[in-house]
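J.: What follows is a structure written as structure tokens; I'll ask about it next.
Numbering (the UniProt record's numbering), first residue to last: 1 to 514.
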């Protein structure tokens, strides 16, 4: 009924369609009480498992467990909480290959990318362990004699994490590893398309917690359910913070609900990422970055390159080279060696890709290559496509939308100011890049007059962010920041303390009240 032990996990057994638990808190492991659904592998459409949706009524009991867990976890010293995360990282290292296989089966990622995602989890553990000894506040000078001021950071409370299918382990780990060292129990509601990844992560964490009796079991919990459950989680005042990754429409709904109860939301939403390629660029370097950023993960990353803004003097030659590179991409089973592009997540994703390509043609675009479904040399039942390149005007409406598929729109510019304007005119603001050998262009791109995105790269692509930097974006991307830098502060509450060690009671601002 659950992934009892990864030691005995045989990936092939996941294809037997077993029914798994939907509510798991360490103390409780039960089936959902809602309607049932099947999880199909994007590789071949085979049923991996079935679940019954967890329901809002079941959330009530989980909320009670999480509140009790918080009362205990907040009193565990932060370095001890760091030890919990360190051990979780060691378990993830131990089962890295098995965990990556589960990602490939459920999300369709090629195995090297899936292994990279598990490594990201491991790296975040290392980062969080160090952070557990650096939850620093400030010492502040007081204007009053005999007084001292200081700032402290305290555990916030239970945190809810709602994730998408494309990074089922990395996004959970960004939030959960930092949340745990900050003293917060974490409840995960995964995408219904990747619940087995959630169970594997849960089992890893519970294996560690079982050997640490001072850590509450409900510190790591999972509920698997549909939109109704997500709405109930967002509305529950159990969670002072809801971290949600997905579409902009989903993020708006979460933000509205959470704000209605004056909670916090940490949002990682749509990305319509652009790369500017200057006439001074190292085109060999740019070509490699473009192909990975645009075609990697079959275009199903929030940081996928979707708009290539190339100078008019180099665009034709660059498109010719890109077309040749696209023609050499090996497309097929993500678990097979040598394949670079796996399947789209499902038929709906394929349909949206085709609709976007048709819209591009109607809006004056030209499909240079790709876009068609691949049926030969790939597992039957999966939706494999050739990554597409489309020449189109920058003001075409479809260019301003994010299609979660491997479509690269090629746009042309004449002046660098025009290129930045083209990049920034879309509603999304996650990741951006420029390839240039000009110091002036690079510095302008990173200046207040440059990229308006949360990530602005020079001479590297839009994908593949390191965990040490805060990850997230602006505008319709939601404004959230996860992973590195000072993102840990999202999971804590700030208190300002004033200590009077003198014998008088002077008031601030020189007020006299006698």
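Note that the Cβ used here is the ideal one computed from N, Cα and C, for glycine as well.
Considering only residues of the same chain and omitting the five flanking positions on each side of residue 261, which have a CB-CB separation below 6 Å?
T.: Position 261 of the chain shown, counted from the start, is the residue given in the question as residue 261. Correct list, in chain order: 237.
J.: Examine the Cβ distances between the segment 475-484 and the segment 314-321 and report whether three or more of them are shorter than 8 Å.
T.: Touching, no, given that fewer than three Cβ pairs across the two stretches are closer than 8 Å.
J.: Is residue 148 helix, strand or coil by DSSP?
T.: Position 148 of the chain shown holds residue 148. Residue 148 falls in the strand class under three-state DSSP.
J.: Have a look at residue 176 and residue 150 and give me their C-alpha separation to the nearest angstrom.
T.: For the purposes of this step, residue 176 is taken as the residue at position 176 of the chain shown. For the purposes of this step, residue 150 is taken as the residue at position 150 of the chain shown. Near 28 Å, if we compare the C-alpha coordinates of residue 150 and residue 176.
J.: Would you kindly work out how many angstroms separate the C-alpha atoms of residue 424 and residue 436, rounded to a whole number?
T.: Position 424 of the chain shown, counting from 1, holds the residue named residue 424. Position 436 of the chain shown, counting from 1, holds the residue named residue 436. Roughly 18 Å between the two C-alpha positions.
J.: To the nearest angstrom, how far is it from the Cα of residue 488 to the Cα of residue 411?
T.: To locate residue 488, count along the chain shown from 1; it is residue 488. To locate residue 411, count along the chain shown from 1; it is residue 411. Computed Cα separation, rounded: 38 Å.
J.: Going by DSSP, what residues sit across from residue 268 in a beta bridge?
T.: Position 268 of the chain shown, counting from 1, holds the residue named residue 268. BP columns for residue 268 point to 245.
J.: Where does residue 364 fall in DSSP's three states?
T.: Locating residue 364 in the chain shown gives position 364, counting from the first residue. In the structure shown, residue 364 sits in coil (DSSP, three-state: anything other than H, G, I, E or B).
J.: Could you pull the DSSP bridge partners for residue 239 from this structure?
T.: Numbered from its first residue, the chain shown carries residue 239 at position 239. BP columns for residue 239 are empty, so no partner.
J.: What does a CB cutoff of less than 8 Å around residue 349 pick up in its chain, not counting 5 residues either side in sequence?
T.: Taking the first residue of the chain shown as 1, we reach residue 349 at position 349. Closer than 8 Å at Cβ, skipping near neighbours: 300, 383, 404, 405.
J.: Using the beta-carbon count (16 or more within 10 Å), is residue 216 buried or exposed?
T.: Against the chain shown, residue 216 aligns to sequence position 216. So residue 216 ends up on the buried side.
J.: If you drop the 5 nearest sequence neighbours on each side, which residues of the same chain put their C-beta closer than 7 Å to that of residue 27?
T.: Mapped onto the chain shown, residue 27 falls at position 27. Same-chain partners within the cutoff: 65, 217, 218.
J.: Report the partner residues of residue 481 according to the DSSP bridge assignment.
T.: Counting from 1 along the chain shown, the entry for residue 481 is found at position 481. For residue 481, which the question treats as bridged, DSSP gives no partner whatsoever.
J.: Using a Cβ-Cβ cutoff of less than 8 Å, which residues in the same chain neighbour residue 364 once the five nearest sequence positions on both sides are dropped?
T.: Translated into positions along the chain shown, residue 364 becomes position 364. Excluding residues within five positions, the ones whose Cβ falls inside 8 Å are 392, 393, 396.
J.: Residue 128: which of 109, 89, 163 sits nearest, CA to CA?
T.: Here residue 128 corresponds to residue number 128 of the chain shown, with the count starting at 1. Comparing Cα-Cα distances from residue 128 to each of 109, 89, 163, the minimum goes to 89.
J.: Between which two residues does the beta strand (DSSP E) holding residue 439 run?
T.: Here residue 439 refers to the residue found at position 439 when the chain shown is read from its first residue. Residue 439 -> not in any beta strand (DSSP E); alpha helix (DSSP H) instead, spanning 439-445.
J.: Anyone know if the C-beta pair for residue 70 and residue 213 falls short of 7 Å?
T.: For the purposes of this step, residue 70 is taken as the residue at position 70 of the chain shown. For the purposes of this step, residue 213 is taken as the residue at position 213 of the chain shown. Taking 7 Å as the Cβ cut-off, residue 70 and residue 213 do not qualify as a contacting pair.
J.: Kindly give me the distance between the Cβ atoms of residue 492 and residue 154, rounded to whole angstroms, as I take these residues to be in contact under 8 Å.
T.: Within the chain shown, residue 492 is the residue found at index 492, counting from 1. Within the chain shown, residue 154 is the residue found at index 154, counting from 1. With 8 Å as the limit, residue 492 and residue 154 qualify as a contact, their Cβ atoms being about 6 Å apart.
J.: For residue 167, collect the residues of the same chain with a Cβ closer than 7 Å to its Cβ; drop the 5 residues on either side in sequence, then sort them by chain order.
T.: One-based indexing of the chain shown puts residue 167 at position 167. Same-chain partners within the cutoff: 117.
J.: Does the segment 262-269 come close enough to the segment 280-295 that 3 or more CB-CB pairs lie under 8 Å?
T.: No, they do not touch.
J.: What is the rounded straight-line gap between the Cα of residue 343 and the Cα of residue 279?
T.: Against the chain shown, residue 343 aligns to sequence position 343. Against the chain shown, residue 279 aligns to sequence position 279. The alpha-carbon atoms of residue 343 and residue 279 are separated by roughly 34 Å.
J.: Tell me whether residue 474 sits in a helix, a strand or coil according to DSSP, three-state version.
T.: The count along the chain shown starts at 1 and reaches residue 474 at position 474. Looking at residue 474 - three-state DSSP - the assignment turns out to be strand.
J.: Would you kindly work out how many angstroms separate the C-alpha atoms of residue 4 and residue 377, rounded to a whole number?
T.: What you label residue 4 is simply residue 4 of the chain shown in a count that begins at 1. What you label residue 377 is simply residue 377 of the chain shown in a count that begins at 1. Bear in mind that the predicted position of residue 4 carries a pLDDT of just 43, short of 50, making it too unreliable to give a figure here.
J.: Would you say residue 258 and residue 242 are within 7 Å of each other, going by their C-beta atoms?
T.: By one-based count along the chain shown, residue 258 stands at place 258. By one-based count along the chain shown, residue 242 stands at place 242. Cβ atoms of residue 258 and residue 242: closer than 7 Å.
J.: How many Å lie between residue 36 and residue 191 at the Cα?
T.: Translated into the one-based positions of the chain shown, residue 36 becomes position 36. Translated into the one-based positions of the chain shown, residue 191 becomes position 191. Rounded to the nearest angstrom, the two C-alpha atoms are 15 Å apart.
J.: Which ranges would you report for the beta strand (DSSP E) in the segment 101-165 if only whole runs of at least 3 residues count?
T.: DSSP runs (the beta strand (DSSP E)) wholly in the segment 101-165: 138-140, 147-155, 159-162.
J.: Check whether the Cβ atoms of residue 54 and residue 104 lie closer than 7 Å to each other.
T.: Here residue 54 refers to the residue found at position 54 when the chain shown is read from its first residue. Here residue 104 refers to the residue found at position 104 when the chain shown is read from its first residue. No; because the gap between Cβ atoms is not below 7 Å, this pair is not in contact.
J.: Starting from the C-beta of residue 505, find all residues in its chain whose C-beta is less than 6 Å away, skip the five residues before and the five after it, and write them out in chain order.
T.: As a working note, residue 505 is residue 505 in the chain shown. Once the five neighbours on either side are set aside, residue 505 has no close Cβ partner at all.
J.: Rounded to a whole number of angstroms, what is the C-alpha to C-alpha distance between residue 135 and residue 74?
T.: Residue mapping note: residue 135 aligns to position 135 of the chain shown, counting from 1. Residue mapping note: residue 74 aligns to position 74 of the chain shown, counting from 1. Straight-line Cα distance between these residues: approximately 13 Å.
J.: Smallest Cα separation from residue 358: which of 80, 398, 469, 417?
T.: One-based indexing of the chain shown puts residue 358 at position 358. The residue with the shortest Cα to Cα distance from residue 358 is 398.
J.: Buried or exposed: where does residue 497 fall if 16 or more other Cβ atoms within 10 Å of its Cβ makes it buried?
T.: As a working note, residue 497 is residue 497 in the chain shown. Exposed: under 16 other Cβ atoms inside 10 Å.
J.: Taking the straight line between their C-alpha atoms, what separation do you get for residue 6 and residue 188?
T.: As a working note, residue 6 is residue 6 in the chain shown. As a working note, residue 188 is residue 188 in the chain shown. With a pLDDT of only 46 at residue 6, under 50, the local geometry of the prediction cannot be trusted, and the value read off the model is given with reservation. Answer to the nearest angstrom: the Cα atoms are 20 Å apart.
J.: Just checking residue 298 against the ligand FAD - is the residue's beta carbon closer than 6 Å to any of the ligand's heavy atoms?
T.: For the structure depicted, the ligand FAD is absent and the ligand set is empty, with no information on it obtainable.
J.: Excluding the five sequence neighbours on either side, which residues of its own chain have a C-beta within less than 8 Å of the C-beta of residue 516, listed in chain order?
T.: Because the chain spans 1 through 514 in this model, residue 516 falls outside it and cannot be assessed.
J.: Report the rounded CA-to-CA distance for residue 29 versus residue 462, giving the unit in angstroms.
T.: On the chain shown, residue 29 is found 29 positions in, with the first residue counted as 1. On the chain shown, residue 462 is found 462 positions in, with the first residue counted as 1. C-alpha separation (whole angstroms): 40 Å.
J.: By Cβ distance, which residues of its chain are closer than 7 Å to residue 121, with the 5 residues on each side in sequence left out?
T.: Here residue 121 refers to the residue found at position 121 of the chain shown. 92, 169, 170, 173, listed in sequence order.
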